[in-house]
Amino acid sequence: MTRILPEASPIIIAHRGASGYRPEHTLAAYELAIALGADYIEPDLVSTKDGVLIARHENEISETTDVASHPEFAHRQTSKIIDGESKTGWFTEDFTLRELKTLRAKERIPQLRSQNTAYDGLLEIPTLQEIIDLAKGKSAEINRAIGIYPETKHPTYFKSIGLALEAPLLATLTANGYQGANAPVFIQSFEVSNLQDLSTKTDLPLVQLLNNSGKPYDFVVSGCERTYTDLVTASGLREIAKYAQAVGIHKNLLVPRDSNGKLRRRKAACRQTSPTSLVTDAHAAGLLVHVWTFRNEDCFLPLDFQGNPQGEYELFFSLGVDGVFSDYPDTAFAVNQNLRFKLSDF
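Convert by adding 128 to the 1-based position in the sequence shown; the result is the number in this note's numbering.
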């Protein structure tokens with residue numbers, strides 16, 4: 129299995145684009161992310177009825193589009209079981225690409241990001257191909273390689289309805305020249321089996337996403353008793369390294385928070401945090417470590433860094449992570465550049 133060397137500096141992954149400033153998963157969000165210094169842009173991928181991969185965080189689209197205001201689609205509202213949970217709304221697999229292109233994106237959390245609502249009703253749902261075209265075009269324009277970091281969403285579900293994501297994903301990447309371990313692309317999934325299968329079909333870097341609770345949904349389906357907690361052990365990480373090149377971890381897996389929302393400290397009244405051994409263990413297994421998700425709003429920050437999102441980045445960068453997912457890539461970029469500048473003084 130090909131291993132990837134850590135970057136000289138942590139990479140900045142624009143989480144759903146610059147989603148702190150624009151409605152998520154839109155070309156405007158991705159384009160702004162590139163302008164703000166992102167190294168990679170992240171499209172979560174779901175399928176249309178006609179098998180086209182598009183960028184949405186989930187296949188139910190009422191939270192992030194104006195579908196509910198389209199009377200011609202009112203009859204498409206339905207309820208489904210997705211990854212074991214009942215969902216009611218409108219689902220991408222019930223629409224053709226042509227139909228979805230009549231919808232417009234809207235801000236997911238307007239109560240926090242009211243400024244983003246200025247773009248509601250203006251932006252289309254992009255396809256994977258359109259996102260690749262943007263990344264390649266901007267790379268040529270600014271003479272800087274912009275990578276893509278696609279995630280397969282609900283892979284077991286989409287496979288069960290005959291719309292598996294993996295084959296069209298690989299076909300699209302191959303058609304656009306993304307081949308080999310050094311291509312500017314990472315493919316990520318919260319499930320395990322689809323990554324294991326992908327590892328037999330591509331040399332592109334694969335990323336096992338790891339949550340701080342629960343288990344991969346394919347484990348639920350298969351009856352496997354292991355959880356994400358089992359996967360983040362040293363032995364679990366060595367198993368992951370047999371099919372993946374990186375792990376994408378929830379922040380709390382590296383620096384846990386206490387019940388009050390404060391970062392765990394080595395001792396009471398001690399300013400030094402008490403990180404887990406996850407970075408050390410992952411690197412020992414030959415895996416890169418990318419951490420999610422960094423956001424500037426206080427409601428997402430540990431109490432220790434309220435009003436100081438820069439401090440949270442500094443902490444995680446100091447722990448040796450290889451990349452961060454951020455809704456605000458400009459903040460991540462600025463902190464990263466500042467730390468590099470300080471190091472260059474030595």
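We treat Cβ as the ideally placed atom computed from N, Cα and C, and that holds for glycine.
Excluding the 5 residues flanking D516 on each side, which residues of the same chain have their C-beta closer than 8 Å to its C-beta? Outside the displayed span of the chain (129 to 474) sits residue 516, for which this structure offers no information.
Rounded straight-line distance, which links the Cα of Y345 to that of F318: 8 Å
Contact between the region 175–192 and the region 221–232: three or more CB pairs below 8 Å? The region 175–192 is in contact with the region 221–232.
Name, in chain order, the residues that DSSP records as bridge partners for I270. Beta-bridge annotation (DSSP): I270 is not paired with any residue.
Rank Y456, F461, L381, R392 by C-alpha distance to the C-alpha of S147 and give the top, closest one. Y456
In terms of DSSP beta bridges, what is I182 paired with? V174, T255
Here's a check: name, in chain order, each residue in its chain whose Cβ is nearer than 8 Å to the Cβ of F474, leaving out the five neighbours to either side. With a pLDDT of 45 at F474, under the threshold of 50, the modelled position of this residue cannot be trusted; read the value that follows with caution. Nothing meets the Cβ criterion.
Among all the DSSP beta bridges, which residues are the ones paired with G305? Looking at the DSSP assignment, G305 forms no beta bridge with any residue, so it has no partner.
Within 10 Å of its beta-carbon, does I253 have 16 or more other beta-carbons around it, so buried, or fewer, so exposed? buried
Only counting runs of 3 or more residues, tell me where the beta strand (DSSP E) segments fall wholly within the region 189–222, in order along the chain. With a minimum length of 3 residues, the continuous beta strand (DSSP E) runs that stay inside the region 189–222 are 206–210, 213–217.
Since Y168 sits in a beta bridge, which residues does DSSP pair it with? I141, G275
Taking a contact to mean a Cβ-Cβ separation below 9 Å, would you say V383 touches V360 in this structure? no
Measure the Cβ-Cβ separation of R422 and T459 and say whether it is below 9 Å. With the sequence shown as reference, residue 422 is identified as Phe, and Arg is not the correct amino acid for it. Yes, they are a contact pair.
Can you give the beta carbon distance from N340 to N380, rounded, assuming they're within the 8 Å contact cut? Yes, they are in contact, since the Cβ atoms of N340 and N380 sit about 5 Å apart, within 8 Å.
Complete beta strand (DSSP E) runs within the region 393–442 (minimum length 3 residues, chain order): For secondary structure counted as the beta strand (DSSP E) over 3 or more consecutive residues, the region 393–442 holds these complete runs in sequence order: 416–422.
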